[in-house]
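Here is the structure we will look at, set down as C-alpha cells.
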Amino acid sequence: MFRGANDKGSAGPKAGIEISMGDGGALGESAASAQSVVVFEDADHLLPLMRSVCDLGLGAVDGGTDFDPETVLAVLISWRADPELQKATLAAQHWPVIFIAEDGGFESRLKATRAGVTAVLIDPIDITELGSWLNGFDETRKPAPSIVIVDDDVILSELYAAVLEAAGMYAHIVNDPRQALDAINMIRPDLVLLDIEMPNVNGLELASVLRQSRRNLSTPIVFLSAERDEDKQQAARNIGGDDFISKPVDLDRLAAVVRMRADRAIALKQIIESDSLTGLLNHARFKERLALEMERSARTGSPLSVCILDIDKFKSVNDRYGHQVGDKVIQTLSQALTGGLRRTDVVARYGGEEFAIILLDTDVAGAAVVMNRIRERFGEIILNGAGEAFSTTFSAGIAQSTDRAKANDVLAMADARLYQAKATGRNRIVVG
C-alpha cells in the first residue's frame with residue numbers, strides 16, 4: 001500500500017524503517033531527517049538501497065510504512081517493487097520520482113514517462129548519478145540563477161529586476177551598454193537579458209562584442225525588443241541570441257523564459273565542468289572559480305579559505321581491494337564533503353584521490369572546525385572490499401587568501417600544509 005500523502009485516515013507517521021547517517025556513519029533508527037527519500041524495493045534489496053541513499057547524506061524511509069509527506073525530497077522506486085509503475089504514477093502526483101529500471105530501452109523509458117517519472121536509472125544504479133539527481137531536487141542546494149539586465153531605461157530595468165528576483169533569481173542592472181562587458185566579465189552571469197533598442201550601442205552590437213570572448217560564447221542571451229519582423233528577430237538569434245521576448249513584455253513570460261534558459265545553462269555548465277566519477281567540479285574549473293572568488297574576497301574584504309585534502313594510504317586500498325573499491329572510496333568522500341559543507345562552498349576533485357575546497361566567508365580557524373568534523377565522520381564510515389569491512393581517513397591542509405595573493409600561491413600554501421599533515425602522522429588537518 002502506498003501511504004503518506006494519500007493515507008488520509010492516518011493519525012500521523014508511524015515508527016517504520018527510517019535510517020540515516022548517524023554520528024558514527026552507521027545505519028540505525030533515527031528521528032525524521034530534514035529531507036528523506038522514500039524507497040520502494042523488494043525485501044532482498046531494500047536495505048542496501050536505503051544505505052546508498054544514506055551515504056548521500058539523506059534520510060531513507062521504507063515506502064511500505066507511513067511517512068511524513070512534508071519531509072519527502074523524492075521517491076525512489078525499483079522495477080522489482082513496482083513492475084507496472086502503479087506506485088510511480090501515484091507518487092509522481094506529489095514528488096519527483098526516480099525509477100530504477102531493469103533495462104534502458106525506449107519502451108521502458110516511454111512507459112516511465114507516461115507514469116510521470118522524472119528520472120530513470122538502470123539497475124544496478126550508479127550512485128553518483130543518483131546523488132546528482134537528488135541534489136537537483138534539493139531546492140536548498142540549487143544555485144539561484146544570476147542574471148545581468150542591460151537596458152538604458154532605468155524604470156523598466158528595475159521592474160524586470162524586481163520580477164526576476166521575485167522568481168528566485170539574482171538580478172544585476174547595467175544601464176550603460178558600454179559598461180556591460182566589464183560587468184558581465186566580473187559577475188559571470190548565467191544569462192544576459194539584453195534590450196535591442198538602445199542609443200549609441202544597440203543590443204545586437206553588444207551581443208556581438210560579448211561573443212568575441214570565448215568565456216561568453218555559451219552564456220545565454222535573451223533579447224527584449226518591440227521588433228515584430230520575424231526576419232529581424234532571426235537575425236538577432238543568428239548573432240547569438242537564445243530567445244526573443246517582444247515588447248510590451250508579459251512579465252510572467254519574462255520570468256518563465258529567463259528561469260528556464262538560465263536553469264538549462266546551469267545544468268549544462270555543471271555537466272561540462274564536472275568530474276565524471278564524483279560529479280564535482282574538475283581541476284581546471286576549480287582554479288578558474290578560485291581566481292574569481294579571490295577577486296571577490298579582495299574586493300569585499302570577506303575571508304576565504306582553501307583546503308586541499310588527500311585520502312590516506314589510498315594506493316594500499318587500490319592494491320588490496322581493487323580500483324572499483326577505490327572508486328567507491330572516492331565517491332564516498334565526495335558525498336561526505338557535499339553533505340557536510342554549505343551549498344555556497346565550492347568542492348572539486350582536484351586529481352586522483354585529492355580534493356580541493358573553497359570555503360567562502362570563512363577564516364582558517366572556522367575552516368578547520370568544519371573540515372575536522374567531516375574528517376571525523378568520514379573516518380567512521382564502514383566500507384566494504386572483497387567481503388572485508390574497512391575504513392579510511394584523509395589528511396588536509398588549509399590556507400587563507402590574502403589581498404595580494406594569487407590563486408596559485410594560496411593553493412601552494414594549502415598543499416604545503418597537506419604535506420605537513422601527511423608527514424606528521426596523517427588523519428589530521430594543518431592550517432596556516
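Numbering-wise (the UniProt record's numbering), the sequence shown opens with residue 1 and increments by one.
A virtual CB, placed ideally from N, CA and C, is assigned to each residue, including glycine.
| query | result |
| --- | --- |
| Residue from Val120, Val370, Arg285, Gln324 whose Cα sits closest to the Cα of arginine 342 | Val370 |
| Of the listed residues Ile187, Pro189, Leu194, Gly136, nearest to valine 150 (C-alpha basis) | Leu194 |
| Cβ neighbour criterion (16 or more within 10 Å) applied to arginine 178 | exposed |
| 7 angstroms Cβ cutoff met for threonine 278 and arginine 349 | yes |
| Whole-angstrom distance between glutamate 165 and isoleucine 382, CA atom to CA atom | 44 angstroms |
| Run of the alpha helix (DSSP H) containing glutamate 376, from where it starts to where it stops | 364-379 |
| N-terminal and C-terminal residue of the beta strand (DSSP E) that histidine 172 is part of | 170-174 |
| Same chain only: Cβ atoms within 7 angstroms of glycine 168, ignoring 5 sequence neighbours per side | Ala144 |
| Reference glutamate 227, options Gly131, Thr219, Gly203, closest by Cα | Gly203 |
| CA-to-CA distance, aspartate 250 to phenylalanine 223, given in whole angstroms | 14 angstroms |
| Which of helix, strand or coil DSSP assigns to glutamate 227 | coil |
| Cα-Cα separation, aspartate 66 to arginine 114 | 26 angstroms |
| Exposure of proline 220, with buried meaning 16 or more beta-carbon neighbours within 10 Å | buried |
| Pick from Val201, Phe355, Ile77 that is closest to glycine 397, judged by C-alpha positions | Phe355 |
| Beta-carbon contacts of leucine 58 that lie in its chain and below 7 angstroms, excluding the five residues immediately before and after | Ser33, Gln35, Ser36, Val37, Leu73, Leu134 |
| Whole-Å CB distance - aspartate 415 paired with isoleucine 308, under 8 angstroms assumed | 5 angstroms |
| Residue environment, glutamate 230, which counts as buried when at least 16 other CB atoms sit within 10 Å | exposed |
| Cα-Cα separation between serine 334 and valine 306, rounded to whole angstroms | 16 angstroms |
| Nearest-angstrom Cα separation, counted from isoleucine 271 out to aspartate 123 | 22 angstroms |
| Three-way DSSP call (helix, strand, coil) for glutamate 205 in this model | helix |
| Contact check, leucine 76 vs valine 39, beta carbons under 7 angstroms | yes |
| Opposing strand residues paired with asparagine 384 [DSSP bridges] | Ala389 |
| Closest by C-alpha distance to leucine 210, when choosing among Ala412, Pro189, Ser395 | Pro189 |
| Neighbourhood of tyrosine 321 by C-beta, 7 angstroms cutoff - its chain only, sequence neighbours within 5 removed | Gly385, Ala386 |
| Exposed unless 16 or more other CB atoms sit within 10 angstroms - verdict on proline 248 | exposed |
| Residue span of the beta strand (DSSP E) that contains phenylalanine 355, given as start and end | 354-360 |
| Candidates Thr332, Asp361, Gln234: closest to valine 346 by CA position | Asp361 |
| Contact set for serine 225: own chain, Cβ-Cβ below 6 angstroms, skip 5 residues either direction | Ile196 |
| Neighbourhood of glutamate 129 by C-beta, 7 angstroms cutoff - its chain only, sequence neighbours within 5 removed | Leu121 |
| Contacts around threonine 332, its chain only, beta-carbon distance under 8 angstroms, and the 5 residues preceding and following it disregarded | Asp55, Phe378, Ile381, Leu383 |
| Identity of the residues DSSP links to leucine 304 by a beta bridge | Leu360 |
| Nearest neighbour of histidine 94, chosen from Asn200, Thr71, Gln420, Ala367 [CA to CA] | Thr71 |
| Alpha-carbon to alpha-carbon, alanine 43 and histidine 323 | 30 angstroms |
| Same chain, Cβ closer than 6 angstroms to alanine 91, five either side skipped, listed in chain order | Val75, Val97 |
| Those residues which DSSP pairs with glycine 351 across a bridge | Glu354 |
| Nearest-angstrom Cα separation, counted from valine 174 out to glycine 326 | 49 angstroms |
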